[in-house]
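Student: Sharing a structure below in structure tokens format, with a few things to ask.
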Amino acid sequence: MPSGLLEMQQPLANHLINSWFRYDLRYLKFDLIVNSKTHTLTGSNCEDGIVQRTFDTLFDAVAEAESTKKADTIVSALRDEFRQLKTELAAAHKRAEDLEISKASELTVVEDKFRVRCSKSMEYTEEELQQLRKDNTDLAARITILLLEQTLSTGGGAVPDSNMDVDYTSSLGFDPVAIAAREIQ
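Okay, so the sequence shown: first residue is 1 according to the UniProt record's numbering, each after it adds one.
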């Protein structure tokens, strides 16, 4: 096949493809002056002519365009799916952030309720505190008496007096040693 013929066929096929079959039939004519060789439009028994090769190229290009279109459609569908997944992921991330914020505020509410409950359970009236001090005074005095009796029965030491260096009054609100000394005497 002459090289000039191929050069003429390709631009024609490209033009037909680019103009989507809006072509002028004069492009299919053979120009004897430019190529200086004779070749029929239909070709011979051995070779296809310009028309046949042009349409082969054209149909190949259309098939390629359809496959490209299918590929573009697939790519477009994948892009749409990716955008949808990205949107759903962003929404899920936002829900997770909102959940973390609400959980944190719920924890704060629970902490506040716990503090309120604890502070309410630890609130005593002055009368209840005095009763607790009295009960503890009696208990502390009894413990001191038992310790003193044990010390005296084993023969160890004298009875402590209320002038000892230990100051129970500041921590307990009373002096158990003085009370125990009075009980023993």
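Each residue gets a CB set at the ideal place from its N, CA and C atoms; glycine is no exception.
1. Looking only at its own chain, which residues have a Cβ that is under 6 Å from the Cβ of Lys-134, when we skip the five neighbours before and after it?
2. Classify Arg-53 as buried or exposed, calling it buried when 16 or more other Cβ atoms lie within 10 Å of its own Cβ.
3. Can you tell me whether Phe-59 sits near the ligand SAM, meaning its C-beta is under 8 Å from at least one heavy atom of the ligand?
4. Count the other C-beta atoms from every protein chain shown that fall within 10 angstroms of the C-beta of Ile-50, then say buried if there are 16 or more, exposed otherwise.
5. Considering only residues of the same chain and omitting the five flanking positions on each side of Pro-11, which have a CB-CB separation below 6 Å?
6. Compute the Euclidean distance between the alpha carbons of Thr-73 and Phe-55, then round it to the nearest angstrom.
7. So, is Thr-68 buried or exposed, given that buried needs 16 or more other C-beta atoms within 10 angstroms?
8. Note down, in chain order, each residue of its chain lying with its Cβ closer than 8 Å to the Cβ of Asn-86, except the 5 sequence neighbours on either side.
9. Out of curiosity, what's the CA-to-CA distance linking Ile-33 and Asp-48?
10. Alpha carbon to alpha carbon, what distance is there between Glu-127 and Ile-145?
11. With a threshold of 6 Å on Cβ separation, who are the neighbours of Arg-142 within its own chain once the five nearest residues in sequence on each side are excluded?
Tutor: Let's see:
1. What you label residue 134 is simply residue 134 of the sequence shown in a count that begins at 1. Beyond the five residues adjoining it in sequence on each side, Lys-134 comes within less than 6 Å, by CB distance, of no other residue in the same chain.
2. Stepping through the sequence shown from its first residue, residue 53 is reached at position 53. Burial state of Arg-53 is buried, judged by a 10 Å Cβ sphere holding 16 or more other Cβ atoms.
3. The ligand SAM is not part of this structure, which contains no ligands at all.
4. Within the sequence shown, numbered from 1, the residue matching residue 50 stands at position 50. Burial call: buried.
5. Along the sequence shown, read from residue 1 onward, the residue named residue 11 stands at position 11. Cβ within range, chain order: n/a, list empty.
6. Mapped onto the sequence shown, residue 73 falls at position 73. Mapped onto the sequence shown, residue 55 falls at position 55. C-alpha separation (whole angstroms): 26 Å.
7. Your numbering for residue 68 matches position 68 in the sequence shown. The residue in question, Thr-68, is exposed, as its Cβ has fewer than 16 Cβ neighbours within 10 Å.
8. Along the sequence shown, one-based indexing puts residue 86 at 86. The identity of residue 86 in the sequence shown is Lys, whereas the question assumes Asn. When the five nearest sequence neighbours on each side are left out, no beta carbon in the same chain lies closer than 8 Å to the beta carbon of Lys-86.
9. Here the question's residue 33 lines up with position 33 in the sequence shown. Here the question's residue 48 lines up with position 48 in the sequence shown. The predicted model places Ile-33 with a pLDDT of 49, which falls under 50 and marks its position as unreliable; any figure quoted below should be read in that light. Linking Ile-33 to Asp-48 through their CA atoms gives a straight-line distance of about 21 Å.
10. Mapped onto the sequence shown, residue 145 falls at position 145. Mapped onto the sequence shown, residue 127 falls at position 127. Whole-angstrom Cα-Cα distance: 27 Å.
11. Taking the first residue of the sequence shown as 1, we reach residue 142 at position 142. So no residue of the chain qualifies.
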